[in-house]
Each structure stands twice: as C-alpha cells, then as structure tokens.
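Chemist:
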Amino acid sequence: MYAVLNKYRTAFLIGLQSNVVYRWNFAIRSCFSFVQLAVIFILWRAAYASSPDIGGFGFGQTLTYFVTLIVVQFFIGAFNEDYQINEEIRNGLINQFLLKPINYFSYRFSIFTAARVVSGSLVLVPLLAALPLLGHLLVFPHGAWRLALGLPAMVMGGLIQFTIAFCFGMFTFWFLEIQGFIILSLALESILGGQMFPLDLLPRAAFRVTQCLPFYYQMYFPAAILTGRISGHVALRQLPVQAAWVVGLFGLAALLWKRGLRRHTAVGG
Amino acid sequence: MSPGRYFTIWLACIRYTLVRTLMFRGDFFIWSLVELCWMSVNVLMILVIYQHTASIAGWSEYQMVLLVATAMLIQRLLMGFFWTSIFEMGRNVRTGDFDFVLAQPGNPLFMASTRKIDPDGLANSVLALGVVAYAVHRLGLHPGALDLALYAALVLCGLVIHFSILVLTISLVFWLKNAQGMEGSYFTLADFGRLPRAAFKGASRILFVWILPLVVVTNVPARTLLQGFHPGWVAWTAAMAAAWFSLAVFVFNRGLRRYSSASS
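Dropping the structure here:
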C-alpha cells in the first residue's frame with residue numbers, strides 16, 4: 027500500500043517541480059483573471075444601478091460569488107489536462123505507461139493536484155493585491171458549516187473537473203484532433219457551470235435542469251455554498267448527488283480508457 | 441508589388457483554404473458549432489441578466505443584444521480572416537519557420553497575416569450579422585442605405601483596430617521568444633467591447649474608452665444604428681484605426697529586426 031502511495035507521491039512531486047517552472051505562466055493567467063473580474067465588475071455594477079436586487083442578492087454578494095469562483099477555479103479547475111493527455115496519446119508517450127505498473131488515471135491526477143497547488147497559491151497574489159480595492163464590497167455569510175460543506179464540495183468539484191478533462195483526453199483514441207470538442211465543452215461549462223452568471227438567475231425550470239448536470243457541481247455548487255447562495259439543507263441534499271457524479275464519471279473514464287486502448291496502436295522499436 | 445498582385449495572392453490563399461476545408465468537413469462542422477456555442481453563450485448571458493433588470497447603463501435589452509452582436513461580428517471577422525495566420529505567426533517565429541514567410545516576395549506582415557482564412561469564423565460572422573438584424577428588427581429601427589454603409593465602415597475600422605491589437609500582442613514573441621498563451625490576453629481585453637461606454641467610470645473610462653479603443657469600436661457602430669450619424673465619434677474611430685494600425689506595423693517591423701533566422 028505504502029509503495030503504491032509512494033509511486034504517486036513521486037509523480038506529485040515531479041508535477042510540482044515542472045509546474046513551478048511555469049509559475050510565470052500561471053501568474054500572468056491569474057492576473058488576467060482579475061482583468062476579467064474588471065469586466066464582471068463594470069457589467070454587474072451597471073446592471074445593479076437600475077435594480078438594487080438581482081435574484082434576491084445585492085451587488086456585493088454577486089461580486090463575492092465571482093471572486094470566489096475565480097479563486098475556486100485556480101484551486102480545482104482543469105486547465106489543460108485534456109490537451110496533455112491528447113499530446114501523450116498522439117505522440118505515443120502513453121506507451122511507457124502501458125509497460126509500467128502505474129495507473130494512468132492516478133498518475134495524471136497526481137500531476138493535476140500538483141498543478142492546482144501551484145496555480146491556487148499563485149492566484150492568492152493578485153487576490154491580495156485587489157483586496158484593498160474590493161475588500162469593502164465582498165460579503166461572505168457567517169457560519170463555519172459553509173466551510174465544512176464547501177471544502178468537500180470543492181474537492182469533489184475538482185474530481186469532476188479532472189475526470190471530465192480525462193474523458194475528453196480519451197477521445198483522442200477515436201478522433202486524434204480533439205481541440206474542437208474541448209472548446210465546445212468549455213462553452214458549455216462556462217454557461218452551465220455558472221461562470222457567466224450565477225445559475226440561480228436562470229428561470230426556475232432551467233435552473234432545475236442544470237442541477238441534474240455535472241457542470242453544476244464543478245464550480246457553481248462549491249462557490250454557491252461558500253458565498254451563501256445555497257442554504258444548508260439544499261447543500262446537504264446535493265452533496266450526495268455530486269458524489270454520485272464523481273463515481274459515475276470515474277466509471278465513464280475507466281470505460282473510455284479500456285475501450286480506447288483496444289483501438290490504440292503502439293509503434294516503436 | 442502592386443495592390444492587384446497582393447489581391448491575387450490573397451485569392452490564391454482563400455482558394456487553398458477552401459479546398460482544405462472541403463477535405464476536413466467534419467472539422468469545419470465542429471468548429472462552426474464551437475463558435476456558434478460561444479456566440480449563444482454571450483447572448484444568453486445578456487438575456488438572463490435582463491430577466492432581472494430593465495437597463496444596463498441606459499441600454500435596453502435589445503440595444504445590448506445589438507452591441508454584443510456588433511462585438512461578435514467584429515471578432516468573428518477577425519477570426520475568419522486573420523486569426524489562424526497571426527496565431528501561427530507567433531509559433532513560427534519561435535520555431536524559426538517564419539523564414540518561409542520572409543522568403544516570399546511581398547510585405548512580411550501581409551504575407552504572415554493573410555495566409556489562411558477560417559471559413560467557420562466567416563460562417564459565424566454571417567450569423568452575428570443575423571443577430572444584429574434581429575436586434576434592429578426588435579428595436580423597430582429602419583436604417584437607410586447610408587446608415588448601413590456607415591455601420592459597415594465602422595465595423596471595418598473596428599476590424600482594423602482588433603487586427604492591430606492582435607498583431608501587437610503576438611509581436612511580443614520577437615522579444616519574449618515564447619508568447620504562448622499571450623493571445624488569451626487579447627480575448628480578455630476584447631471582452632470590454634461588449635459593455636456600454638456609459639458603464640465605464642473613472643480610471644476604467646480613461647483606459648478602456650480613450651487609451652485602448654476597444655469599447656469605442658463596438659459602441660460607435662451600434663450607436664450609429666440606434667441614433668444616426670455622429671461625426672465626432674466616427675472621425676475618432678477612423679483616426680484610432682489609422683493610429684493603431686500604424687503602431688502595429690511599426691512594432692512588427694521593429695520586432696522583425698530582432699528575428700534570428702533558423703537557417704544555419
């Protein structure tokens with residue numbers, strides 16, 4: 027057991043090292059996320075100017091939601107894991123994992139975790155820089171239970187994000203070029219994951235539909251718990267649904283891996 | 441080389457791209473769907489916000505749809521005509537494949553930025569134009585031929601400004617050697633173009649309205665359809681297009697001096 031864990035700990039440490047090499051890339055990206063926050067700030071401030079209550083929330087609460095979403099994204103979001111898997115399959119680098127006693131999903135997950143430790147730490151820098159400007163506008167609800175439920179929701183949200191990215195990476199076994207699929211899923215995730223607007227602003231029926239999809243549990247769900255857009259009993263009712271999505275997506279990833287390998291041709295001498 | 445000769449070269453590039461698109465029809469379909477999805481996402485966002493508010497900075501729902509559709513039209517035209525070529529330029533400078541462009545008997549910026557077109561981007565610019573027409577219809581506007589010609593000219597100015605900002609962004613590769621991901625900064629900045637000018641206050645107004653003309657290039661054409669010809673704003677947009685294009689050409693040429701060829 028220890029040997030197994032040690033194997034992935036090493037993968038994590040290697041991932042940490044290689045991601046620290048790209049620290050400037052992540053730093054620039056996190057800074058631009060806060061430029062995006064300026065777009066959000068200007069748009070929503072203008073919207074709130076004519077209506078001080080939107081969906082039952084004030085401007086400060088909506089801004090808090092978006093700031094939390096950005097931070098959550100850097101801690102649990104899948105950035106380019108699908109591209110990396112795509113590259114490894116296309117270039118044949120995946121062959122080395124077929125010959126070694128290592129689980130490819132766990133290996134990639136170790137690298138993903140390392141990358142999120144680096145990107146999550148780096149997003150705190152522009153956040154701290156922006157706090158003097160935004161701090162007085164942010165409104166976090168009271169209650170330690172929000173952290174107690176929000177943090178597991180974040181962890182499971184990360185698992186969903188990574189597994190979806192892994193599944194898209196697996197599509198390479200069938201299509202070779204998957205960039206179009208990835209950007210298509212990005213558009214879906216941005217609207218159904220609550221990145222464009224808080225999902226609770228959707229008409230009631232549409233909001234109910236989103237709750238049945240995995241995108242809802244990727245980032246909206248943890249961010250909504252932490253920022254008070256979801257009540258305690260709703261969070262407790264939806265956490266098992268989120269867990270079910272994690273298990274379901276694990277199963278799908280395993281199936282795609284198994285089926286994909288049947289189509290894979292390893293060439294080399 | 442005469443302008444006619446450049447036009448002939450450009451037509452040859454379009455022919456090559458279209459033949460290539462016909463070879464990869466599935467790819468064309470997927471990318472058209474991708475662009476359509478992103479356009480829908482932006483329009484949907486506006487529609488959802490207007491479910492809860494009556495106006496954004498004095499703009500009604502369909503006025504905002506007109507503004508967002510104008511921003512999308514300019515961006516899709518950029519994607520259709522120039523994106524792939526300029527994106528590849530950044531990569532080619534890094535790998536040394538830019539030699540191929542420099543070896544061609546023509547202006548390097550023209551050769552580098554017009555090699556390929558994206559038919560899916562162009563197909564979606566037609567859709568964006570459809571959204572503009574729908575918003576105009578819902579607003580009960582009846583623009584005359586002159587208004588439409590002016591709108592087209594202003595969209596063209598917007599295209600020139602977006603082209604220039606993209607060239608400036610990618611030209612960083614001449615200094616940084618690796619500008620991978622820098623194109624993302626262009627998209628972040630372009631998002632400001634979807635907002636009404638009146639929503640900007642204080643420092644953001646100076647930066648995004650007056651220094652970076654990203655807000656002006658979308659607001660002025662939309663306002664022209666809504667309120668008619670405003671000579672001051674039209675002259676400002678045209679002057680900005682000329683200034684930003686000159687700056688892009690200057691920076692590109694300065695960067696070119698730093699380019700070290702891949703040949704041994």
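Going down the list, the protein sequences come from chains A and B.
The first sequence lines up with residues 27 to 295 when you count with the numbering used here.
The second sequence lines up with residues 441 to 704 when you count with the numbering used here.
Every residue, glycine too, gets a C-beta built ideally from N, C-alpha and C.
With H, G and I counted as helix, E and B as strand and the rest as coil, what does DSSP make of residue 449 (chain B)?
Modeler: Helix.
Chemist: Would you identify the three-state DSSP class for residue 80 (chain A), choosing helix, strand or coil?
Modeler: It is a strand residue.
Chemist: Could you name the residues of chain B that residue 228 (chain A) contacts, counting a contact when the two beta carbons are closer than 7 Å?
Modeler: Simply 488.
Chemist: Grab the span of the alpha helix (DSSP H) containing residue 565 (chain B) for me, first residue to last.
Modeler: Unbroken alpha helix (DSSP H) run through residue 565 (chain B): 559–578.
Chemist: Listing by chain order, which chain A residues have their CB less than 8 Å from the CB of residue 470 (chain B)?
Modeler: Here the neighbours are 206, 207, 210.
Chemist: Measure the CB-CB distance between residue 518 (chain B) and residue 599 (chain B) and report whether it falls below 8 Å.
Modeler: Their beta carbons are under 8 Å apart, which means residue 518 (chain B) touches residue 599 (chain B) by this criterion.
Chemist: Checking the sheet assignment: what are the DSSP bridge partners for residue 496 (chain B)?
Modeler: Its beta-bridge partners are B:499.
Chemist: Contact between the stretch 635–653 of chain B and the stretch 551–561 of chain B: three or more CB pairs below 8 Å?
Modeler: In short, these stretches do not touch, since the Cβ pair count stays below three.
Chemist: Using alpha carbons as the reference points, say which of B:663, B:641, B:597 lies closest to residue 684 (chain B).
Modeler: It is B:597 whose Cα lies nearest to the Cα of residue 684 (chain B).
Chemist: Around the C-beta of residue 542 (chain B), are 16 or more other C-beta atoms found within 10 angstroms, so that it is buried, or is it exposed?
Modeler: Exposed: under 16 other Cβ atoms inside 10 Å.
Chemist: Given this structure, state the Cα-to-Cα distance separating residue 515 (chain B) from residue 592 (chain B), to the nearest angstrom.
Modeler: So the two alpha carbons sit approximately 14 Å from each other.
Chemist: What is the C-beta distance between residue 123 (chain A) and residue 133 (chain A), in whole angstroms, given that I count them as a contact (C-beta under 8 Å)?
Modeler: About 7 Å separates the two Cβ atoms, so the contact holds.
Chemist: Report the residue ranges of all alpha helix (DSSP H) runs contained in full by the stretch 142–215 of chain A; include only those spanning at least 4 residues, in chain order.
Modeler: Segments of the alpha helix (DSSP H) lying fully in the stretch 142–215 of chain A: 170–196, 198–201.
Chemist: Where residue 187 (chain A) and residue 450 (chain B) are concerned, what is the direct C-alpha to C-alpha distance, given to the nearest angstrom?
Modeler: Distance between the alpha carbons of residue 187 (chain A) and residue 450 (chain B) is about 43 Å.
Chemist: Using C-beta distances below 8 Å, list every residue in its chain close to residue 658 (chain B), excluding the 5 sequence neighbours before and after it, in chain order.
Modeler: Around residue 658 (chain B): 507, 510, 511, 514, 598, 633, 634.
Chemist: At 4 residues or longer, what runs of the alpha helix (DSSP H) sit wholly inside the stretch 55–111 of chain A?
Modeler: Runs of the alpha helix (DSSP H) inside the stretch 55–111 of chain A: 85–102.
Chemist: Does the contact criterion of 3 or more C-beta pairs under 8 Å hold for the stretch 101–108 of chain A versus the stretch 186–202 of chain A?
Modeler: Contact between the stretch 101–108 of chain A and the stretch 186–202 of chain A is present, because at least three Cβ pairs lie under 8 Å.
Chemist: Can you name the start and end residues of the alpha helix (DSSP H) that residue 257 (chain A) belongs to?
Modeler: Per DSSP, residue 257 (chain A) belongs to no alpha helix (DSSP H) and is neither H nor E.
Chemist: For residue 695 (chain B), which residues from the same chain have a beta carbon less than 6 Å from its beta carbon, with the 5 sequence-adjacent residues on both sides left out?
Modeler: The answer, listed in chain order, is 611, 614.
Chemist: Go ahead and pull the three-state DSSP assignment for residue 295 (chain A).
Modeler: Any reading at residue 295 (chain A) needs caution, since the residue's pLDDT is 49, under 50, leaving its predicted position unreliable; the model's value is listed next. Reduced to three states, the DSSP call for residue 295 (chain A) is coil.
Chemist: Is the Cβ of residue 237 (chain A) closer than 8 Å to any Cβ of chain B?
Modeler: Output row for residue 237 (chain A): interface = no.
Chemist: Kindly indicate which residue of B:681, B:595, B:532 has the alpha-carbon position closest to the one of residue 650 (chain B).
Modeler: For the residues B:681, B:595, B:532, the minimum Cα distance to residue 650 (chain B) belongs to B:681.
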